[in-house]
């Protein structure tokens, strides 16, 4: 299935793009995150990472459907 993935902060830097269309067989957001981590080596603390599917906060075990848009939201550093 095709999914649209949007990246922010450190994830955008490592991916080298702000968004992409990805062809995948992943069943849920966690499986997709693992696939993306292998591709881009995000290496983020998943306890502080959030996911939104189609502009709604979701859990990592949420099922994915064709043409979903996902945003993985990393923690924001600042001072």
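Residue numbers (this note's numbering): 10 to 88. Ideal Cβ placement from N, Cα and C applies to all residues, glycine included.
Would you call the CB atoms of residue 28 and residue 15 closer than 7 Å? Mapped onto the chain shown, residue 28 falls at position 19. Mapped onto the chain shown, residue 15 falls at position 6. Result yes, Cβ atoms of residue 28 and residue 15 sit closer than 7 Å.
Do you know how far the Cα of residue 20 is from the Cα of residue 49?
-> Here residue 49 is taken as the residue at index 40 of the chain shown, counted from 1. Here residue 20 is taken as the residue at index 11 of the chain shown, counted from 1. Residue 49 and residue 20: Cα-Cα distance of roughly 8 Å.
N- and C-terminal bounds of the alpha helix (DSSP H) containing residue 22
For the purposes of this step, residue 22 is taken as the residue at position 13 of the chain shown. Residues 18-24.
* **Straight-line Cα distance separating residue 45 from residue 51** => For this step, residue 51 is matched to residue 42 along the chain shown. For this step, residue 45 is matched to residue 36 along the chain shown. Each residue's alpha carbon lies about 8 Å from the other.
Give the DSSP-derived three-state secondary structure of residue 70 in the structure shown. One-based indexing of the chain shown puts residue 70 at position 61. If DSSP states are grouped into helix, strand and coil, residue 70 belongs with coil.
For residue 85 and residue 58, the rounded distance between their alpha carbons
Mapped onto the chain shown, residue 58 falls at position 49. Mapped onto the chain shown, residue 85 falls at position 76. If I take the Cα positions, the gap works out to 10 Å.
Margin query: Please list the terminal residues of the continuous alpha helix (DSSP H) segment that includes residue 40.
Written below: The count along the chain shown starts at 1 and reaches residue 40 at position 31. 38-49 is the span of the alpha helix (DSSP H), which, as asked, contains residue 40.
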